[in-house]
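To start, the structure under review is shown below, and the notes come after it.
Protein chains in written order, with this note's numbering: chain G, 1 to 202; chain Z, 1 to 206.
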C-alpha cells in the first residue's frame, strides 16, 4: 500500500507524463487554449488510462510474459486502447452530449495519445524492476496507482498551461513567436519548474 | 525520372513550408525526448521515415477496401506491425541505441505524424504520391530532430556523435559544458526557438 501511494505521488509530480517524458504532447498543445475544454480532455485521459493500463498489465503478466510473446505487445496494447476509446466515446455520447460536443473530435485522438500508449509501455518495463524500487509495478494495485497518477499528472499539466495561455492572450508577443512558438517556451519553463519535484521521496 | 508537379509537391512541401513538426505540430513527443544526443536522434529519424513511407504505401494500396468506420483500427494495426518489425531489427543490430530509445520506438505507433498522414493523405491518394508524401514528412521530421540534437549534444557535452569536438584548451580557459541542455525543458525551448526562426524566415519570403 505504502509503495502504491509513493508511486502515485511520484507519477504525478516527479515523473510527470508531459514534463519528464513529453508524452501526449500533440493534444496537449492543440487543446490547451481554454481551461474548460482542457479539464474535459484531462478527465477523459484519466478515465481511459485507468481502464487500459490495468487491462494491459493483466495481459502482460498473465498472457504475454508466460507465453514469451513480448514482441506482440505493441499490437495488443494498441488494440486494447483503440477498443476502449471507442467504448468511452459511445458512453460519453449517450451520457453527456454537451461534453461530447466540446470533446467530439478529440476523443478518437485519445487512441493515438502517446500518454496512454506510453503509460502501457512504461508499465511493461517497470514490471521487470526489482519490487523494492520506487518505480516498480509489482501488482494490480500499483498498476492502478500508476494509471491514475499519470492521468492526473497529465490533466494537471494541461489545465495549468491552459490557464497561462488564457492570460497570455493579452501579452505583446513578437509576431513570429505568437501562438505555438511561445507555447513551447512556456511549456519549457513549466518543465523547469516541475524539475524541483525530482528529489521528491515519500 | 519525370515527376508530376503534385508528386514533387508531396515530397518537397513537408521539408519546409509544411514541415510536420514546425507547422503541422505533429509528432512532438518523440521529437523532444530522443534529442539529447545526435545518434539516437538519427536512428529515430530514419526509423520514422521508413515507417511513414511504408505505412503510407500499404494504406494507399488497400484504401478502397477499408470500411470507413473501422479505418483507425486498420491503420493502427498496419503501423503497429511495421513498428514491431523495426523494433526487432534495431534490437538485433543496434542494441545500445534501441535501449537508449526505450519506449519511444514503441511510441512511433502513436506518433501523430503517422496517423495524420494516413488520414489526410494516404486514404485519398495513389501509391506513388503517398510514398513521396511519406518520405517527405519523415525527412522533414528527421531534419528537426537532427537540428535540435546537434545543438543539445554540442552544448551539453561538447561532443558530436560521441566524438569530442570542443578542444581541451577551451575547457582549460574556463569554458564549461551547459548541463541545462540535458534537461527535458531545454528541448522544448529549443524547438520553440526553431519555430520562431522558421516563421520569421518564411514571413520574409512572402
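Glycine included, C-beta positions come from ideal geometry on N, C-alpha and C.
Cβ pair residue 5 of chain G, residue 147 of chain G closer than 9 Å = Along the first chain, one-based indexing puts residue 5 of chain G at 5. Along the first chain, one-based indexing puts residue 147 of chain G at 147. In this structure, residue 5 of chain G keeps its C-beta atom at 9 Å or more from the C-beta atom of residue 147 of chain G.
Please go through the same chain and pick out, in chain order, the residues whose beta-carbon is closer than 7 Å to the beta-carbon of residue 37 of chain Z, but skip the five residues on each side of it.
-> Counting from one through the second chain, the residue named residue 37 of chain Z turns up at place 37. Same-chain partners within the cutoff: 149, 153.
How long is the line joining the alpha carbons of residue 195 of chain Z and residue 188 of chain Z, rounded to whole angstroms?
-> The sequence position of residue 195 of chain Z within the second chain is 195, counting from 1. The sequence position of residue 188 of chain Z within the second chain is 188, counting from 1. Rounded to whole angstroms, the separation of the alpha carbons of residue 188 of chain Z and residue 195 of chain Z is 11 Å.
So, using beta-carbon positions, are residue 123 of chain G and residue 19 of chain G closer together than 9 Å?
-> Position 123 of the first chain, counting from 1, holds the residue named residue 123 of chain G. Position 19 of the first chain, counting from 1, holds the residue named residue 19 of chain G. Against a cut-off of 9 Å, the Cβ pair of residue 19 of chain G and residue 123 of chain G comes out as no contact.
So residue 167 of chain G is in the alpha helix (DSSP H); what residue range does that whole segment cover?
-> Translated into the one-based positions of the first chain, residue 167 of chain G becomes position 167. Where residue 167 of chain G is concerned, the enclosing alpha helix (DSSP H) starts and stops at 140-168.
Exposure of residue 1 of chain Z, with buried meaning 16 or more beta-carbon neighbours within 10 Å | Mapped onto the second chain, residue 1 of chain Z falls at position 1. Its pLDDT being 47, under 50, residue 1 of chain Z is placed unreliably in this model, and the value from its coordinates should be taken loosely. For residue 1 of chain Z, the number of other beta carbons within 10 angstroms of its own is below 16, and it is reported as exposed.
Three-state class that DSSP yields for residue 93 of chain Z in the structure shown = The residue given as residue 93 of chain Z occupies position 93 in the second chain. Under the three-state reduction of DSSP output, residue 93 of chain Z falls in the helix class.
Under 9 Å between C-beta atoms, does residue 24 of chain G make it to chain Z?
-> Numbered from 1 along the first chain, position 24 holds the residue referred to as residue 24 of chain G. Chain Z has a Cβ within less than 9 Å of the Cβ of residue 24 of chain G.
Determine whether the Cβ of residue 111 of chain Z lies closer than 9 Å to any Cβ atom of chain G.
-> Translated into positions along the second chain, residue 111 of chain Z becomes position 111. Taking 9 Å as the threshold, the shortest C-beta distance from residue 111 of chain Z to chain G falls below it.
Residues bridged to residue 190 of chain Z by DSSP?
-> Here residue 190 of chain Z refers to the residue found at position 190 of the second chain. Paired residues: none, contrary to the question.
Segments assigned alpha helix (DSSP H), at least 4 residues, entirely inside the segment 109-173 of chain Z | With a minimum length of 4 residues, the continuous alpha helix (DSSP H) runs that stay inside the segment 109-173 of chain Z are 112-117, 127-157, 168-172.
Chain G beta carbons: is any one of them nearer than 9 Å to that of residue 184 of chain Z?
-> Taking the first residue of the second chain as 1, we reach residue 184 of chain Z at position 184. With 9 Å as the cut-off, residue 184 of chain Z counts as an interface residue toward chain G.
What are the uninterrupted segments assigned as alpha helix (DSSP H) that are 4 or more residues long and contained completely in the segment 13-83 of chain Z, given in chain order?
-> Annotation note: the segment 13-83 of chain Z contains the following uninterrupted alpha helix (DSSP H) runs of length 4 or greater, listed N- to C-terminal: 28-33, 38-62.
Report the three-state DSSP secondary structure of residue 192 of chain G (helix, strand or coil).
-> On the first chain, position 192 is the one that residue 192 of chain G refers to. Residue 192 of chain G sits in a helix when the DSSP states are folded into three classes.
For residue 162 of chain Z, decide whether its Cβ has a neighbour in chain G, counting only Cβ atoms nearer than 9 Å.
-> Indexing the second chain from 1 puts residue 162 of chain Z at position 162. No, no contact with chain G.
Enclosing alpha helix (DSSP H) for residue 73 of chain G [first to last residue] | If you number the first chain from 1, residue 73 of chain G lands on position 73. Looking at the DSSP string, the run of the alpha helix (DSSP H) that includes residue 73 of chain G is 73-95.
Alpha-carbon spacing of residue 10 of chain Z relative to residue 78 of chain Z, whole angstroms | In the second chain, counting from the first residue as 1, residue 10 of chain Z sits at position 10. In the second chain, counting from the first residue as 1, residue 78 of chain Z sits at position 78. Going from the Cα of residue 10 of chain Z to the Cα of residue 78 of chain Z covers about 22 Å.
Candidates Z:202, Z:73, Z:184, Z:177, of which the one nearest residue 176 of chain G by Cα | For this step, residue 176 of chain G is matched to residue 176 along the first chain. Among Z:202, Z:73, Z:184, Z:177, the Cα nearest to that of residue 176 of chain G is on Z:202.
What do you get for residue 105 of chain Z, buried or exposed, if any count of 16 or more other CB atoms within 10 angstroms of its CB means buried?
-> Stepping through the second chain from its first residue, residue 105 of chain Z is reached at position 105. With 16 or more Cβ atoms within 10 Å of its Cβ, residue 105 of chain Z is classed as buried.
Give a yes or no on whether the C-beta atoms belonging to residue 21 of chain Z and residue 165 of chain Z are separated by under 9 Å.
-> Locating residue 21 of chain Z in the second chain gives position 21, counting from the first residue. Locating residue 165 of chain Z in the second chain gives position 165, counting from the first residue. By the CB criterion at 9 Å, residue 21 of chain Z and residue 165 of chain Z fall outside the cutoff.
Could you tell me whether the Cβ atoms of residue 85 of chain G and residue 101 of chain G are closer together than 9 Å?
-> For the purposes of this step, residue 85 of chain G is taken as the residue at position 85 of the first chain. For the purposes of this step, residue 101 of chain G is taken as the residue at position 101 of the first chain. Judged by their CB atoms, residue 85 of chain G and residue 101 of chain G are not nearer to each other than the 9 Å cut-off.
Can you list the residues of chain G that residue 165 of chain Z reaches, using a CB-CB cut of under 8 Å?
-> For the purposes of this step, residue 165 of chain Z is taken as the residue at position 165 of the second chain. Within chain G, no residue comes near residue 165 of chain Z; the closest Cβ sits about 25 Å away, beyond 8 Å.
Can you find a CB in chain G that lies within less than 9 Å of the CB of residue 148 of chain Z?
-> Walking along the second chain from the start, residue 148 of chain Z turns up at place 148. No, no contact with chain G.
Among G:136, G:180, G:157, nearest to residue 1 of chain G - alpha-carbon criterion = For this step, residue 1 of chain G is matched to residue 1 along the first chain. Out of G:136, G:180, G:157, the CA that lies nearest to the CA of residue 1 of chain G is found in G:136.
Tell me whether the beta-carbon of residue 95 of chain Z lies closer than 9 Å to the beta-carbon of residue 113 of chain Z.
-> Indexing the second chain from 1 puts residue 95 of chain Z at position 95. Indexing the second chain from 1 puts residue 113 of chain Z at position 113. It is not a contact, given that the beta carbons lie outside the stated cut-off.
Among G:180, G:194, G:181, which residue has its Cα nearest to the Cα of residue 185 of chain Z?
-> Position 185 of the second chain, counted from the first residue, corresponds to residue 185 of chain Z. The shortest Cα separation from residue 185 of chain Z among G:180, G:194, G:181 belongs to G:194.
Might you give, ordered along the chain, the residues of its own chain that have their beta carbon closer than 8 Å to the beta carbon of residue 6 of chain Z, omitting 5 neighbours on each side?
-> For this step, residue 6 of chain Z is matched to residue 6 along the second chain. For residue 6 of chain Z, same chain residues with a beta-carbon under 8 Å away, outside a window of 5 residues either side, are 129 in chain order.
Verify the CB distance criterion: does residue 14 of chain G have a CB-CB separation below 9 Å to chain Z?
-> Residue mapping note: residue 14 of chain G aligns to position 14 of the first chain, counting from 1. Cβ-Cβ to chain Z under 9 Å: no for residue 14 of chain G.
Going along chain G in order, which residues have a C-beta closer than 9 Å to the C-beta of residue 144 of chain Z?
-> Along the second chain, one-based indexing puts residue 144 of chain Z at 144. Neighbours of residue 144 of chain Z in chain G, taken as residues at a C-beta separation under 9 Å, are lacking, since the least C-beta distance is about 12 Å.
In angstroms with no decimal places, state the Cα-to-Cα distance between residue 73 of chain Z and residue 119 of chain G.
-> The residue you call residue 73 of chain Z lines up with position 73 of the second chain. The residue you call residue 119 of chain G lines up with position 119 of the first chain. Roughly 19 Å between the two C-alpha positions.
Cβ contact (3+ pairs, closer than 8 Å) linking the segment 43-58 of chain G and the segment 21-31 of chain Z = Touching, no, given that fewer than three Cβ pairs across the two stretches are closer than 8 Å.
Using a cut-off of 9 Å between C-beta atoms, extract the partners of residue 192 of chain Z located in chain G.
-> Taking the second chain and counting its residues from 1, one reaches residue 192 of chain Z at position 192. The contacting residues are 177, 180, 181, 182, 183, 184, 185, 186, 187, 188.
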